[in-house]
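In the numbering used here, the protein residues as written are 2 to 355. Below: one structure, written as structure tokens.
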Ligand code: FES
């Protein structure tokens with residue numbers, strides 16, 4: 002190994018507790034015996050440790066592969082260290098063979114409860130509530146054990162919904178199907194399939210359908226209080242005039258043989274929530290965790306959701322809820338692959354896992 006190449010100390014990040022105000026030296030060369038911290042082993046190399054002060058007392062993910070572009074933190078570069086995304090090993094598959102197959106608690110619809118509060122939901126659309134032309138179905142909420150992430154399905158078959166507002170929560174919409182317009186205060190955004198739209202907390206919005214619109218809305222942090230009104234409240238935040246992001250294959254990120262495109266994030270003003278669309282080939286991901294709370298909506302393809310001791314099949318329209326740090330693996334069993342929409346809180350990168 003030449004002295005200008007980093008050593009891969011570990012093909013995944015290190016989850017490390019740090020204390021606010023403490024200073025740390027992250028090993029950038031990969032040769033330290035005190036990973037992920039420096040022990041001076043870089044001396045004959047071109048590398049220097051990265052010094053940082055912890056902004057707050059928390060657990061953070063420090064890069065172990067030494068290929069990150071934002072050292073000391075993991076940025077997901079470890080996913081591209083090999084040609085295929087890290088798949089479940091034979092040993093992992095054997096170890097999880099006994100995972101219990103969990104049925105939905107409502108027969109064809111309802112929840113399949115997995116480990117640690119995670120679940121797979123096949124929505125029962127008959128349970129939706131109605132407000133004028135808008136039908137609302139809760140998919141993930143506090144009552145389901147969620148912390149700050151909430152998700153619901155909006156449907157407008159014709160005409161316009163009433164104005165809706167979340168005083169203390171950001172709203173991130175994903176258009177599943179149909180055509181229409183989302184009005185945010187006095188500004189209108191075209192709603193077409195596979196489009197993400199960001200609504201800042203406090204802004205009133207309404208949905209106008211030209212064709213039967215189906216939309217999934219992430220509302221974070223979770224909000225009980227919803228304000229309804231007959232008119233907009235006034236202030237569209239001009240700091241972020243563009244709020245709509247649609248799928249653009251030129252903006253796809255490659256994670257070995259998987260692809261994802263971040264839709265709504267801080268580029269359109271969303272600093273708390275990240276939304277992405279992903280493509281998964283016929284494969285089973287290696288077991289992994291995230292520090293964020295996540296919801297996944299299956300758009301196409303069949304598969305299986307695995308946690309430590311449980312598994313449940315997933316199909317188009319199903320919703321997966323994952324609490325922070327919950328170990329999981331999504332398996333795609335369709336030859337043509339699987340397409341999904343993911344949204345998580347707090348914001349970050351879909352590629353960061355440990
Ligand atoms: S561990 Fe290095 S980028 Fe993730």
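Note that beta-carbon positions come from the ideal geometry of N, C-alpha and C, so glycine has one too.
Is residue i near the ligand FES, going by C-beta to nearest heavy atom under 7 Å?
| i | result |
| --- | --- |
| residue 30 | no |
| residue 234 | no |
| residue 291 | no |
| residue 349 | no |
| residue 69 | yes |
| residue 7 | no |
| residue 132 | no |
| residue 35 | no |
| residue 314 | no |
| residue 73 | no |
| residue 13 | yes |
| residue 78 | yes |
| residue 66 | yes |
Does the beta-carbon of residue i have 16 or more other beta-carbons within 10 angstroms, so that it is buried, or is it exposed?
| i | result |
| --- | --- |
| residue 33 | buried |
| residue 151 | buried |
| residue 310 | exposed |
| residue 20 | exposed |
| residue 2 | exposed |
| residue 159 | exposed |
| residue 41 | exposed |
| residue 255 | exposed |
| residue 226 | exposed |
| residue 352 | buried |
| residue 169 | exposed |
| residue 166 | buried |
| residue 80 | buried |
| residue 280 | buried |
| residue 47 | exposed |
| residue 411 | Within the shown structure, residues of the chain are numbered from 2 to 355, placing residue 411 beyond reach of any answer. |
| residue 95 | exposed |
| residue 70 | exposed |
| residue 250 | exposed |
Provide the residue(s) that pair with residue i in DSSP beta bridges, ordered along the chain.
| i | result |
| --- | --- |
| residue 311 | 101 |
| residue 62 | 16 |
| residue 293 | Beta-bridge pairing links residue 293 to no other residue. |
| residue 113 | 121 |
| residue 165 | 206 and 229 |
| residue 171 | 221 |
| residue 184 | 189 and 207 |
| residue 280 | 260 and 340 |
| residue 139 | 153 |
| residue 131 | 136 |
| residue 346 | 294 |
| residue 28 | For residue 28, which the question treats as bridged, DSSP gives no partner whatsoever. |
| residue 299 | 341 |
| residue 243 | Looking at the DSSP assignment, residue 243 forms no beta bridge with any residue, so it has no partner. |
| residue 285 | 332 |
| residue 254 | 261 |
| residue 306 | 313 and 331 |
For residue i, which residues from the same chain have a beta carbon less than 7 Å from its beta carbon, with the 5 sequence-adjacent residues on both sides left out?
| i | result |
| --- | --- |
| residue 137 | 129, 130, 153 and 155 |
| residue 347 | 273 and 293 |
| residue 143 | 223 |
| residue 269 | 199, 241, 243, 244 and 246 |
| residue 38 | 25, 26, 27 and 28 |
| residue 235 | 186 |
| residue 97 | 307 |
| residue 338 | 280, 281, 282, 283 and 302 |
| residue 149 | 221, 222, 223, 294 and 346 |
| residue 117 | 308, 324 and 327 |
Less than 6 Å between C-beta atoms, sequence neighbours within five positions excluded: which residues of the same chain meet that for residue i?
| i | result |
| --- | --- |
| residue 289 | 354 |
| residue 157 | 134, 135, 208, 210 and 214 |
| residue 189 | 182 |
| residue 320 | 122, 140 and 298 |
| residue 57 | 21 |
| residue 60 | 16 and 18 |
| residue 68 | 78 |
Would you check whether the ligand GDP has a heavy atom nearer than 7 Å to the C-beta of residue i?
| i | result |
| --- | --- |
| residue 250 | The ligand GDP is not part of the structure shown, which contains the ligand FES as its ligands. |
Considering only residues of the same chain and omitting the five flanking positions on each side of residue i, which have a CB-CB separation below 8 Å?
| i | result |
| --- | --- |
| residue 111 | 105, 122, 123 and 125 |
| residue 49 | 29 and 43 |
| residue 315 | 121, 299, 303, 304, 305, 306, 321 and 331 |
| residue 65 | 9, 10, 11, 12, 13, 14, 15, 36, 37, 75 and 79 |
Which whole runs of the beta strand (DSSP E) in the stretch 189-223 are 3 residues long or more, in chain order?
As far as the stretch 189-223 is concerned, its whole beta strand (DSSP E) runs of at least 3 residues are 196-200 and 205-221.
Give the list of continuous alpha helix (DSSP H) stretches no shorter than 4 residues that lie fully inside the stretch 32-96.
As far as the stretch 32-96 is concerned, its whole alpha helix (DSSP H) runs of at least 4 residues are 91-96.
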